[in-house]
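If you're matching positions, the sequence shown starts at 1 in full-length UniProt numbering and goes up one per residue.
Comments concern the structure below.
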Amino acid sequence: MDRSLTLRSYWLRFWSFLAGLGMAVFSYLTIDHFFQANFPETIFTGAFCDISAFFNCDSSAYSSIAHFQGVPLGYWGLVLGILVMVGAVLPSVRLERVNKLLSLLNALGVISLFIYSVFFLKSLCLLCSGFYVFSLLNFFLFWKYGVRNEYPGLYGFFRDLVFGSIKPLVVIGVLTLMGAYGFHLFYQAKKDAQLGGVATKIVKEFYSLETVKNPSLISPYWTARATEKFEEAPIRIIEYGDFLCSDCLFLFKQLERIKKEYAGKINIAFQFFPLEAKCNDVVDKDKHPGSCDLSYIAAYDPSKFLQIHDEIFRNFEKAKNPEWRLQLARKYGVEAALNDEKTKALVRQIIETGKEYEKTSERFPYGIRSTPTIIINNRMIIGTLPYAHLKAIIESLLTEQEKPAAGESRFLENWVDTRKLKK
């Protein structure tokens, strides 16, 4: 054999093992983040890799391709990484051919995921990027130093790599599917837990939060109205949001469900907080260019706010385009918003209310420093929650405020006859 990645050189085997280890480690981290993001067990944690609107892991964790039937995308990368490590520790010609074929398929998948992330999700997960780097290193090693096909060209590719790998791939595939089924069951268990003990824990943590005052200026722009005065509704949510924030889009979808389920019981005030230095000096750089203009467009005519608010979030990717924003302003007849000093001053005044809250981090000078930040009945939550948790908090608040009707009791009393148990 004139060439082999795993059979002829210990150094090449070492680099192959390292590539597989990197793939496995970053796959594990993406799996862990997927479950933490979608099934958090506390309201006090945040994603360590959410650096900016572009470099963040939540967008990928919440995306439509993050899992299939509860099996995280990272699981398949974990399997590939383990196979590469096994091939480096226990080398054989057949396993090397299998891993060489899989390295090609994996590289194509990595390139596709990178394109999807950058051009469709408009973000890049650092954990995923780590997997991409080690996957491409793995591909390079196998196709530069890996075992050659006995026959050249496509014939050799199919004869030696594809058809020669069918039997081991069937065995590997069966074992992989068994593991995938285990992840499916785990996903379902996590999903069920959100409605039980975890939700109870979240509610308890919510009540442990210190109460905060409402901002000095509650935005006149509401997305849900149950009463004329904001303070009179049983559920009161103040939402500091940014139209170009992906987590705000997630919250928008959650609140759409909440508004329908608790119609007549909830007031939601939208506090403009665009993360763009053009109109918000809390941020030192333009994280979301264009978000100030969208705020002006939405605020110019209060009677059209809700329609514009909903249309922006339902066209989230398009809203990043300056031309689309101009078309939106023309559609609703609010072109003057972009140059109206009165509108800009009001938006600025709403933004400034974020400075009224105490610091929540040493990194930031003010309490409101990221989006979304919501204040539910005077308790602040920074970030997003699964729908089950948000619903549990609201249900608890409503139950707390309800008064028992005549003849009803707020507790259950029952006694077990212990005399029978003693006999």
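Beta carbons: idealized from backbone N, C-alpha and C, even for Gly.
Quick caveat, the model's predicted, so the values are computed rather than measured.
Kindly indicate the opening and closing residues of the alpha helix (DSSP H) around residue i.
i           : result
residue 35  : 10-38
residue 348 : 341-352
residue 379 : It is not in any alpha helix (DSSP H) - residue 379 instead sits in the beta strand (DSSP E) that spans 379-382.
residue 69  : That residue, residue 69, is in no alpha helix (DSSP H); it is neither H nor E in DSSP.
residue 138 : 126-145
residue 332 : Segment: none, residue 332 is in no alpha helix (DSSP H) and carries neither H nor E.
residue 253 : 246-261
residue 93  : 93-116
residue 305 : 305-314
residue 187 : 166-193
residue 395 : 387-401
residue 298 : 291-299
residue 281 : Taken as a continuous stretch (DSSP letters only), residue 281 belongs to no alpha helix (DSSP H), as it is neither H nor E.
residue 160 : Segment: none, residue 160 is in no alpha helix (DSSP H) and carries neither H nor E.
residue 61  : 58-62
Which residues in the same chain have their Cβ closer than 6 Å to the Cβ of residue i, if we skip the five residues on either side of it in sequence?
i           : result
residue 434 : Residue 434 lies beyond the range of the chain shown here (1 to 423); nothing can be said about it.
residue 246 : 59
Rounded to whole angstroms, what's the CA-CA distance from residue i to residue j? Just pull it up for me.
i           : j           : result
residue 199 : residue 127 : 28 Å
residue 152 : residue 243 : 55 Å
residue 78  : residue 27  : 5 Å
residue 93  : residue 62  : 40 Å
residue 270 : residue 190 : 32 Å
residue 300 : residue 343 : 6 Å
residue 203 : residue 351 : 29 Å
residue 208 : residue 37  : 22 Å
residue 302 : residue 322 : 22 Å
residue 392 : residue 174 : 40 Å
residue 101 : residue 314 : 41 Å
residue 64  : residue 120 : 12 Å
residue 145 : residue 115 : 28 Å
residue 332 : residue 239 : 24 Å
residue 9   : residue 324 : 57 Å
residue 376 : residue 268 : 9 Å
residue 219 : residue 387 : 24 Å
residue 345 : residue 308 : 19 Å
residue 67  : residue 133 : 21 Å
residue 355 : residue 274 : 14 Å
From what residue to what residue does the beta strand (DSSP E) around residue i run?
i           : result
residue 424 : Any answer about residue 424 is impossible in this case: the structure gives the chain only from 1 up to 423.
residue 373 : 373-376
residue 270 : 266-272
Hey, is residue i close to the ligand GTP, as in C-beta under 7 Å from one of its heavy atoms?
i           : result
residue 277 : As presented, the structure is devoid of all ligands, the ligand GTP included, so that no description of it is given.
Residues in the same chain with beta-carbon distance under 7 Å from residue i, minus the five sequence neighbours each way, listed in chain order, please.
i           : result
residue 180 : 71, 75
residue 135 : 23, 106, 107, 110
residue 169 : 98
residue 293 : 325, 338
residue 347 : 272, 279, 295, 296, 299
Leaving aside the five residues before and after residue i along the sequence, list all residues of the same chain whose C-beta is less than 8 Å from its C-beta, in chain order.
i           : result
residue 164 : 94, 97
residue 251 : 239, 241, 372, 374, 384
Mind pulling the beta strand (DSSP E) runs of 3 or more residues that sit fully within the region 204-232?
Secondary structure within the region 204-232: the beta strand (DSSP E) runs of 3 or more consecutive residues, fully enclosed, are 222-224 (chain order).
Would the region 30-42 count as touching the region 69-89 if we require 3 or more Cβ pairs under 8 Å?
The answer is yes - the region 69-89 touches the region 30-42, with three or more Cβ pairs under 8 Å.
Any contact between the region 329-339 and the region 278-290? By contact I mean 3 or more CB pairs, one from each, below 8 Å.
By the Cβ criterion, the region 329-339 is not in contact with the region 278-290, since fewer than three pairs of Cβ atoms, one from each stretch, lie closer than 8 Å.
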